[in-house]
Amino acid sequence: MSAIELAPGAESNAFASMMATLVRQNLDDHPDRAWALKLARGRVSVEVLDLGMSITFVFDGERLVIYDGIRGIPDVRVRGTAELITISSNMESLPGIGLPDPRGETNQKLAKALRSGELELIGAVRNPLVFLCFGLILAV
Amino acid sequence: MSIPFPSEEWANAFGEAVNQNEDYQKHGKPWTFGDVAMIVRAEPAAGIPEEAGMILDVHEGRCRGVQYIVGEGKANAAFEIIAPYATWKEVIEGRLDPIAAMMQGKLDLRKGHLPTMIRFVESSRALVKSAAAVPTQFPS
């Protein structure tokens, strides 16, 4: 059984398939991040507002299953445009620390979008672990 | 004078447009990951009897050469993006963002490393958008 799966029916959602491929290839490149998949428990939904698409990442401590649409009650909701959702995988990190670099061009764009409400991270503060793990497995 | 799409003449004009695109020169500067093929699916009804495509030898923000290919599986590039003719038309005319199109499954990354494509999302977008500068004649 694969650690990253598409839920039945999610194959028809191109965004879900794309995210499954991204996570698989990312973890192949960075096996040191596999701990994030084992540690994470909870649901993270991603809503691409301008395309009317949504998916849900469900972490159970062993596997990640990606569903089409909103599945259950997400612990964290990420809402934004396709542009913002895509570039959020490109956040710049401080060397050696791994925390976001406030000087990074992408980070500044995302911070501005968060302030203006173009990008919303609902529940991220209340559920930092699942959000951190989610960010880690998607960071390119 | 407009150039028929897809064709060898169009591919060469596209290569020149890439080299005149300052946005691509900026965002594509770190790109050293191989050639990129933009492939049109076979669609006899649209006057495209066989798969056809442009392989761009892009490196560090420049296009070093272009190859026009016709026939299934002839591309053999590091990155292969395939779509129906109508989708490419929308992208070339600037009516469809290439990244949003990938999320919707309209453009398919048939071959290549998705995390790299995401990491260079601005580069990829600028590359494809260079096509807007080519005066294009689409089959009716």
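Protein sequences, first through last, are from chains A and B.
Under my numbering, the first residue of the first sequence is numbered 141, with each subsequent residue one higher.
Under my numbering, the first residue of the second sequence is numbered 9, with each subsequent residue one higher.
Note that the Cβ used here is the ideal one computed from N, Cα and C, for glycine as well.
C-beta neighbour in chain A for residue i, strict 9 Å
| i | result |
| --- | --- |
| B/Gly113 | yes |
| B/Thr124 | yes |
| B/Arg118 | no |
| B/Asp31 | no |
| B/Val142 | no |
| B/Met110 | yes |
| B/Arg127 | yes |
| B/Ile77 | no |
| B/Ile47 | no |
| B/Ile107 | yes |
| B/His67 | no |
Integer-rounded CB distance, given that residue j should sit under 8 Å from residue i
| i | j | result |
| --- | --- | --- |
| A/Ser152 | A/Asp208 | 7 Å |
| B/Arg49 | B/Pro14 | That belief does not hold up - the Cβ atoms of B/Arg49 and B/Pro14 are roughly 11 Å apart, past 8 Å. |
| A/Ala180 | A/Phe199 | 4 Å |
| B/Ala54 | B/Ile77 | About 18 Å; that fails the 8 Å criterion. |
| B/Phe111 | A/Met231 | Residue 111 of chain B is actually Met in this sequence, not Phe. Rounded, the Cβ-Cβ distance is 18 Å, inconsistent with contact. |
| A/Leu146 | A/Ile277 | 15 Å between Cβ atoms; not a contact. |
| B/Gly73 | B/Glu58 | At roughly 22 Å, the Cβ-Cβ gap does not stay under 8 Å, so B/Gly73 and B/Glu58 are not in contact. |
| A/Ile144 | A/Arg164 | 5 Å |
Reduced DSSP category for residue i - H, G, I as helix; E, B as strand; rest coil
| i | result |
| --- | --- |
| B/Asp105 | coil |
| B/Ala149 | The shown model of chain B, from 9 to 148, leaves out residue 149 of chain B, and the question about it has no answer. |
| B/Met62 | strand |
| B/Thr124 | helix |
| A/Gln165 | helix |
| A/Arg211 | coil |
| A/Asp190 | coil |
| A/Ser185 | strand |
| A/Arg203 | coil |
| A/Thr221 | coil |
| B/Pro12 | strand |
| A/Ala147 | coil |
| B/Lys97 | helix |
| B/Glu88 | strand |
| A/Lys178 | helix |
| B/Lys119 | strand |
| A/Phe155 | helix |
| B/Val78 | strand |
| B/Val136 | helix |
| B/Val142 | coil |
is_contact[residue i, chain B] using C-beta, thresh 9 Å
| i | result |
| --- | --- |
| A/Gln165 | yes |
| A/Phe155 | yes |
| A/Ile227 | yes |
| A/Ala222 | yes |
| A/Asp172 | no |
| A/Asn247 | no |
| A/Thr161 | yes |
| A/Thr267 | Here residue 267 of chain A turns out to be Asn, not Thr, going by the sequence shown. No - not a single Cβ of chain B is within 9 Å of the one on A/Asn267. |
| A/Gly205 | Per the sequence shown, the amino acid found at residue 205 of chain A is Val instead of Gly. Not one chain B Cβ lies under 9 Å of A/Val205. |
| A/Met231 | no |
| A/Val280 | yes |
| A/Leu191 | yes |
| A/Val184 | no |
(request) Entirely within the region 228 to 278 of chain A and at least 4 residues each: give me those alpha helix (DSSP H) ranges in chain order. (result) 245 to 256, 268 to 278
(message) Does the region 26 to 44 of chain B come into contact with the region 262 to 279 of chain A, if we say contact requires no fewer than three beta-carbon pairs (one atom in each stretch) closer than 8 Å?
(response) no
(request) Any chance you could list the alpha helix (DSSP H) runs of at least 4 consecutive residues sitting entirely within the region 22 to 46 of chain B, in chain order? (result) 30 to 35
(message) Using a Cβ distance threshold of 8 Å, determine whether the region 253 to 264 of chain A contacts the region 213 to 220 of chain A, with at least three qualifying pairs required.
(response) yes
(request) Determine, using beta-carbon pairs with one atom in the region 238 to 246 of chain A and one in the region 77 to 88 of chain B, whether at least three such pairs fall under 8 Å. (result) no
(message) Does the region 66 to 79 of chain B come into contact with the region 24 to 41 of chain B, if we say contact requires no fewer than three beta-carbon pairs (one atom in each stretch) closer than 8 Å?
(response) yes
(message) Three or more C-beta pairs under 8 Å: does that hold for the region 115 to 122 of chain B against the region 25 to 35 of chain B?
(response) no
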